[in-house]
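Here my numbering is used: the first residue of the sequence shown is 95, the next is one more, and so on. Quick notes on the structure that follows.
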Amino acid sequence: MGLIGRILGGPAATSALGSAVTHVAEVFTVNATKKMEAEAEAYRAALDEHGAEFRYARAGLFDRVVNGLNRLPRPMLALGTLGLFVYAMLDPVAFAQRMVGLNYVPEPLWWLLGAIVSFYFGAREAYYLRHRSTPAPPPAPVEADENPALAELMVKGAVAEVPAG
């Protein structure tokens, strides 16, 4: 009865032998548990990436109207500047009179206008900078497993170049 125990060397040796057999078997067959874990991880990553597209709710009607109104000042400033050039070409005398009138505006009022315009556009830019949506980060590159036997063969030059195609 004690023959098998003496041959295998006790419970610790039996456990080590079983572990070694398991590792040898994994070389020839896929570990089903690890395969299922990898598939579940890939599935979760795909769901997370897909869910990131629908994370933010669409704005309501009021928000869309206000956003539309907020987009008017820049085009109006650009078109107004072009309109001033057209007005200066069509009626130079009247344009010169209007520009002389602008000369009577006090300096602090110009500073106030500049501050209002700067804060308006700066606040809008800061708002969109804070609320920008970023795409899901790309997955980290997976390192290739080291294969010592292949590396040894490559060093010895035993592996020839395989023709493409």
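Ideal Cβ positions, reconstructed from N, Cα and C, are used throughout, including at glycine.
Contact between the region 131-148 and the region 220-234 is established, with three or more Cβ pairs separated by less than 8 Å. For H144, the uninterrupted alpha helix (DSSP H) run begins and ends at 126-146, by DSSP. In this structure, the beta-carbon distance from N164 to R226 does not fall below 8 Å. For the pair F189 and Y181, the CB atoms are nearer than the 8 Å cut-off. Per the coordinates, the alpha-carbon of A220 lies some 10 Å from the alpha-carbon of F213. Taking A114 as the centre and dropping the five residues before and after it, the same chain places no C-beta closer than 6 Å to its C-beta. Non-local beta-carbon contacts of R158 in its own chain, meaning distances under 6 Å to residues more than five positions away in sequence, are absent.
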